[in-house]
């Protein structure tokens with residue numbers, strides 16, 4: 002195949018015929034080679050898709066090669082980039098292997114991500130490529146996290162987040178740029194303005210340009226001809242140097258154009274052929290050839306490069322085709338990393354402390370012993386958290402306990418990027434109800450990126466949050482949403498039930514290789530218990546028997562455990578011996594522990610604070626009905642609030658939220674079944 006261009010002549014507008022400035026001749030030749038490789042790859046991908054060798058979606062960046070090559074020209078391997086769903090060029094410009102990329106597009110085991118990501122999700126954090134992304138704008142919080150990691154390490158690292166003009170309308174753009182500005186992060190927000198947001202023209206999407214927006218955020222703004230690779234590289238040389246020296250973030254807007262539609266197969270009814278023809282006169286490869294001619298380089302050099310690229314692309318496709326498809330036996334690979342199977346030890350008992358102390362002391366221990374750990378969230382620094390849980394930590398660990406703007410997407414998305422860049426972030430979402438604000442960062446990023454990168458991405462991060470009905474906090478500050486989170490494969494969800502559990506589980510969560518949502522109950526922050534030894538750890542994914550019994554098993558978690566224990570004590574006077582199982586880890590939950598207890602008692606009651614319908618209790622009941630059916634002597638019973646928003650009025654909230662009396666009554670009725 003031949004490298005596509007508008008013409009072999011040197012027709013180009015603007016800067017196409019200007020001198021190459023400070024860029025050496027050999028560099029311009031190599032820039033041309035890299036752009037030609039991107040063009041060749043993209044043309045081949047288009048044909049492979051048309052021939053059905055590439056499944057799924059394919060979005061090409063033909064016409065935008067100069068932005069990718071120029072922006073990455075001065076980056077080190079350990080500098081981070083995030084990309085858009087149109088990210089092949091960025092990956093190639095950063096050094097990713099072409100053969101592995103073709104294999105990835107084909108869904109082969111030899112692909113960059115072992116066939117788990119496809120065109121929109123190629124990544125290799127070992128080269129600083131933190132991923133193309135199928136969610137518009139989602140790479141921006143991630144690159145902010147990578148910039149945070151570089152700043153904390155102090156290694157002169159730089160982070161570049163590519164985005165299109167359409168992403169400017171996303172809230173995560175605002176949150177990311179604002180957070181980067183507040184923290185003075187070494188981030189380049191690089192906009193490839195190709196003038197179309199999917200099918201919509203730029204002028205129909207925005208009323209203010211990036212230059213004006215940059216002023217509002219208090220960050221620098223630079224514009225560049227995005228079809229002139231030398232101009233882009235020269236600009237980035239200056240900016241990258243400034244960022245390595247400690248400068249804060251900058252927005253770069255590169256004026257460019259995509260030749261193909263939004264996706265392969267797009268009929269492109271939303272633009273005129275004349276518009277495309279005009280932009281093809283400014284083909285980045287033609288502009289680069291003009292640069293080379295001005296420098297005295299014979300046209301035969303570019304022609305030779307084109308032929309070499311053609312051969313390289315053909316060879317890469319042939320080799321990619323030889324890679325097998327993934328073995329179906331590997332279906333579950335890369336979803337989770339197995340936790341350490343360290344046996345739990347009985348903790349030593351010291352002086353009395355509270356759950357709020359447990360949170361602070363667990364964070365302190367990990368901050369002291371692991372320099373990759375940092376804490377971030379709304380008011381966790383100077384304010385010490387809304388409940389005082391992190392008081393004093395910002396002074397003790399300067400730069401590693403950070404206040405953020407009220408920007409949950411940037412907070413959690415930043416944690417994803419920092420984790421991929423080698424840190425262990427612990428970030429706080431002030432109330433569990435606010436998880437909905439940043440659900441993309443949890444559901445589509447934290448939970449999926451390890452799988453979609455074939456295990457290359459590391460996601461050791463913790464999102465701490467809290468909930469708790471019973472204090473008239475209303476419908477938007479009282480929800481127990483563990484079922485929502487537990488339904489997202491790849492997330493670990495932990496809900497401790499007392500101070501000792503909080504300390505041991507939080508330390509294990511911070512050390513976990515998996516993304517963990519750690520949910521505390523605020524009504525227990527004042528709960529007291531003997532302090533465990535400082536090295537106390539509780540393994541994730543393991544339930545515990547809090548109270549042994551022979552008549553009925555109650556499975557519960559978080560604060561509801563205290564109500565269940567009180568009910569068990571009450572019904573013991575009636576001769577009912579209740580075995581109480583504290584689930585601890587909600588996802589993945591300890592199925593074996595539940596079944597073993599059920600086998601002993603032959604009756605099961607499940608109690609939780611989340612509403613009953615479609616809850617975690619339903620999943621446990623299904624386990625009992627399926628794998629534990631022959632052990633059951635009575636129907637499974639669930640005790641939980643009715644499916645409705647949490648009431649505000651104390652009288653209504655009390656009627657809605659089950660307590661120990663409701664649990665005790667359910668236990669008595671359950672024991673009557675089959676014993677009459």
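Numbering (the working numbering), first residue to last: 2 to 677.
Even glycine gets a Cβ: it sits at the ideal position worked out from N, Cα and C.
Point to revise | Boundaries of the alpha helix (DSSP H) in which residue 48 is found, first to last residue | key: From DSSP, the alpha helix (DSSP H) with residue 48 extends over 26–51.
Check your understanding: What are the boundary residues of the beta strand (DSSP E) that includes residue 224?
Key -> 221–226
Practice item. May I ask which residues mark the beginning and end of the beta strand (DSSP E) holding residue 627? Key: First-last for residue 627: 617–627, but that is the alpha helix (DSSP H), not the beta strand (DSSP E).
Exercise for review: Could you spell out the range, first to last residue, of the alpha helix (DSSP H) harbouring residue 608?
Suggested key: It is not in any alpha helix (DSSP H) - residue 608 instead sits in the beta strand (DSSP E) that spans 605–608.
Check your understanding: What separation, rounded to the nearest whole angstrom, lies between the Cα atoms of residue 611 and residue 526?
Key -> Using only the alpha carbons, I get a separation of about 19 Å.
Practice item. Kindly confirm or deny that the segment 60–74 and the segment 234–245 touch, where touching means at least three C-beta pairs closer than 8 Å. Key: yes
Exercise for review: Buried or exposed for residue 630, please, with buried defined as at least 16 other CB atoms from any protein chain shown within 10 angstroms of its CB.
Suggested key: exposed
Check your understanding: What are the boundary residues of the beta strand (DSSP E) that includes residue 355?
Key -> Residue 355 -> beta strand (DSSP E) spans 353–355.
**Study point:** Inter-residue CB distance, residue 320 and residue 149 (contact presumed, cutoff 8 Å)
**Key:** Residue 320 to residue 149, Cβ: 38 Å. No contact.
Exercise for review: Give the DSSP-derived three-state secondary structure of residue 194 in the structure shown.
Suggested key: Correct three-state label for residue 194: strand.
Review point. Helix or strand or just coil, what does DSSP make of residue 674?
Key: coil
Point to revise | Close-in-space but distant-in-sequence residues of the same chain around residue 659 (CB under 6 Å, 5 per side omitted) | key: 640
Practice item. Could you check the C-alpha separation between residue 161 and residue 188 for me, to the nearest Å? Key: Taking the CA atoms as reference points, residue 161 sits about 6 Å from residue 188.
Check your understanding: What is the DSSP secondary structure of residue 95, reduced to helix, strand or coil?
Key -> coil
Check your understanding: Which same chain residues, not among the five before or five after residue 657, have their C-beta less than 6 Å away from its C-beta?
Key -> 642 and 648
Practice item. Report the rounded CA-to-CA distance for residue 590 versus residue 416, giving the unit in angstroms. Key: Looking at the two C-alpha atoms, the distance is approximately 24 Å.
Point to revise | Sequence-distant residues of the same chain with beta carbon closer than 6 Å to residue 8, five excluded per side | key: Caution is warranted here: a pLDDT of 34 is assigned to residue 8, below 50, making its placement in the model unreliable, and the coordinate value is therefore given only provisionally. Excluding the 5 residues flanking it on each side, residue 8 has no same chain C-beta neighbour closer than 6 Å.
Review point. Would the segment 530–542 and the segment 568–582 be scored as touching if the rule is three or more Cβ pairs under 8 Å?
Key: no
Check your understanding: Does residue 298 have its Cβ less than 8 Å from a Cβ in chain C?
Key -> Going by chain labels, chain C is absent from the structure shown, which holds only one protein chain.
Practice item. Within the same chain, show all residues whose beta-carbon is closer than 8 Å to that of residue 485, passing over the 5 residues directly before and after it, in chain order. Key: 436
Practice item. Could you tell me the boundaries of the beta strand (DSSP E) in which residue 467 lies? Key: DSSP places residue 467 inside the beta strand (DSSP E), whose first and last residues are 463–468.
Practice item. Tell me whether residue 570 sits in a helix, a strand or coil according to DSSP, three-state version. Key: helix
Review point. In whole angstroms, what is the alpha-carbon distance linking residue 451 and residue 443?
Key: One C-alpha to the other measures close to 12 Å.
Check your understanding: How is the alpha helix (DSSP H) around residue 404 delimited, first residue to last?
Key -> Element bounds for residue 404: not the alpha helix (DSSP H) but the beta strand (DSSP E), 402–404.
Point to revise | Boundaries (first-last residue) of the beta strand (DSSP E) holding residue 426 | key: Residue 426 -> beta strand (DSSP E) spans 425–429.
Review point. What are the start and end residues of the beta strand (DSSP E) that includes residue 521?
Key: 517–522
Practice item. Starting from residue 241, trace the beta strand (DSSP E) both ways and give me its first and last residue. Key: Note, residue 241: premise wrong, no beta strand (DSSP E); alpha helix (DSSP H) at 230–245.
Exercise for review: State the CB to CB distance for the pair residue 356 and residue 500, rounded to an integer number of angstroms; the pair is presumed to be in contact (CB under 8 Å).
Suggested key: 4 Å
**Study point:** Close-in-space but distant-in-sequence residues of the same chain around residue 673 (CB under 7 Å, 5 per side omitted)
**Key:** none
Point to revise | Straight-line gap, residue 424 to residue 665 (C-alpha atoms, nearest Å) | key: 46 Å
Exercise for review: From the DSSP output, in three-state form, read off residue 17 for me.
Suggested key: Residue confidence is low: residue 17 scores 35 on pLDDT, short of 50, so the model does not pin down where it sits. Its coordinate-derived value is still stated next. Note: residue 17 maps to helix in three-state DSSP.
Practice item. Classify residue 165 as buried or exposed, calling it buried when 16 or more other Cβ atoms lie within 10 Å of its own Cβ. Key: buried
Point to revise | CB-CB length for residue 45 against residue 454, believed under 8 Å | key: Taking 8 Å as the upper bound for CB-CB distance, residue 45 and residue 454 are not in contact here, some 23 Å apart.
Review point. Where does residue 254 sit, in a helix, a strand or coil, going by DSSP?
Key: strand
Review point. Rounded to a whole number of angstroms, what is the C-alpha to C-alpha distance between residue 335 and residue 119?
Key: 15 Å
Point to revise | For residue 639, the residue or residues it bridges with in DSSP | key: 607
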